[in-house]
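Written out below as structure tokens is the structure these notes cover.
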Ligand SMILES: *Cc1c(COP(=O)(O)O)cnc(C)c1O
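Residue numbers (this note's numbering): 46 to 416.
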């Protein structure tokens, strides 16, 4: 049996007519850049999130950069973020000219809120938590810290479409939030895409301008900007997919439960723990086990694709050698990075496929029993 890590083809087959007709409409109307499909998706996304504004941009990385830049974050400033994420989170802080300040993670792979305050200095401008794997950070606590110190709260929701904590969705807690629609994300385009949501009128206007060469009206450049737009084809595809995202999130949770049940009682495998009062969106189903690399190879030999998100904590990447960070402050992230393994999980995965993954894992239990 071959089990791909994600199966975007299966998703397409289930909605083929709708998606191809959306693509055809965009081409027939040559609505490639800006235009009605982008406007429609932005309005739909803002509506389902109950946010005042949604600004489509070229990708989730740009979304982060644009928000921080338009909040005035720049050289001399510091932004506090998690030690464990995809590099977009921290590289965009550096792109503004500011310095990323990395904080160790808690038991849920999200920023350890008990360690945040000791990292705040007079240069701190914002806190940027990441709701990793679909699990939200303790964003209520982060918000209260931000309020107390007068810092911006920006949520990186690239992996947390429709996740919730204490009855409120990821993306609704801070001044602005960013989403990625990279194909493999829970809501994925057929290429790069992303967006920003915010209730702040002035910030929304600035972000929209900056993302479009500093102009709202053609040739009237109020400022210098960049070229980072959501394109019409991606927007039309996203509008179709948006209709199914709640259903897909439910399915992801159901499939995760099946994994949990089958892996329960296996002393050598640690299954993901879900935070109380939260709705996980299971962008990734991440287990921990010893001899991870060996197991990964064994699974691949049996046709099962797995990934590691991520093999090196951000502060320990060569890209941050210049910051001369102390490894000992990131022991937990480092230990995690050696033991984590993301198993195939998507709405279309069958119970037989899940059974096969678990059976194969158990078949090789002797090679990682030492947990
Ligand atoms: C995917 C991702 C991004 C960046 O999104 P792109 O659309 O790929 O640029 C940012 N942060 C996190 C946590 C991500 O997983």
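Cβ atoms here follow ideal geometry from the backbone N, Cα and C, with glycine treated the same way.
For residue i, count neighbouring C-beta atoms within 10 Å of its own C-beta (all shown protein chains included) and say buried if the count is 16 or more, exposed if not.
i: residue 262; result: exposed
i: residue 129; result: buried
i: residue 375; result: buried
i: residue 180; result: buried
i: residue 47; result: exposed
i: residue 291; result: exposed
i: residue 378; result: buried
i: residue 98; result: buried
i: residue 366; result: exposed
i: residue 407; result: exposed
i: residue 463; result: With the chain covering 46 to 416 only, the question about residue 463 has no answer from this structure.
i: residue 339; result: exposed
i: residue 117; result: exposed
i: residue 194; result: exposed
i: residue 170; result: buried
i: residue 325; result: buried
i: residue 74; result: exposed
i: residue 127; result: buried
i: residue 231; result: buried
i: residue 104; result: buried
i: residue 368; result: exposed
i: residue 176; result: buried
Can you tell me where the beta strand (DSSP E) with residue i in it begins and where it stops?
i: residue 330; result: 330-333
i: residue 200; result: 197-201
i: residue 385; result: 385-388
i: residue 223; result: 221-225
i: residue 242; result: 239-243
Quick check on the DSSP output: the alpha helix (DSSP H) that includes residue i runs from which residue to which?
i: residue 259; result: Unbroken run through residue 259: none, as it is neither H nor E.
i: residue 270; result: Looking at the DSSP string, residue 270 is not in any alpha helix (DSSP H), and its letter there is neither H nor E.
i: residue 277; result: 277-287
i: residue 293; result: 290-308
i: residue 400; result: 396-408
i: residue 184; result: 184-194
i: residue 320; result: Run containing residue 320: none; DSSP gives neither H nor E here.
i: residue 337; result: 337-346
Going along the chain, which residues of its own chain have a beta-carbon closer than 8 Å to the beta-carbon of residue i, five neighbours each way excluded?
i: residue 316; result: 304, 305, 308, 309 and 332
i: residue 188; result: 198, 218 and 219
i: residue 390; result: 297, 300, 301, 304, 327, 329 and 330
i: residue 435; result: This structure cannot speak to residue 435, because the chain is shown only from 46 to 416.
i: residue 143; result: 113, 118, 119, 120, 121, 122, 123, 124 and 170
Tell me which same chain residues have a C-beta within less than 6 Å of the C-beta of residue i, skipping the five on either side of it?
i: residue 113; result: 141
i: residue 55; result: 393
i: residue 138; result: 124 and 145
i: residue 153; result: 180 and 320
i: residue 360; result: 128, 147, 370 and 375
Between which residues of its own chain and residue i is the CB-CB distance below 7 Å, once the five residues before and five after are set aside?
i: residue 266; result: 258, 259 and 260
i: residue 157; result: 148, 149, 150 and 151
i: residue 50; result: 350, 351, 352 and 389
i: residue 70; result: 281
If we define contact as Cβ-Cβ less than 8 Å, is residue i a contact residue for chain C?
i: residue 354; result: The structure shown contains no chain C; it is built from a single protein chain.
| Considering only residues of the region 47-85, which uninterrupted alpha helix (DSSP H) runs meet the minimum length of 4 residues and lie entirely inside it, listed in chain order? | Secondary structure in the region 47-85: the alpha helix (DSSP H) runs of 4 residues or longer, each lying completely within the stretch, are 53-59 and 61-73 in chain order.
| Whole alpha helix (DSSP H) elements within the region 101-169, 4-residue minimum | List check, alpha helix (DSSP H) in window: 105-115 and 133-140.
| field | Segments of 4+ residues assigned as alpha helix (DSSP H) that fall wholly inside the region 355-386 | value | As far as the region 355-386 is concerned, its whole alpha helix (DSSP H) runs of at least 4 residues are 376-384.
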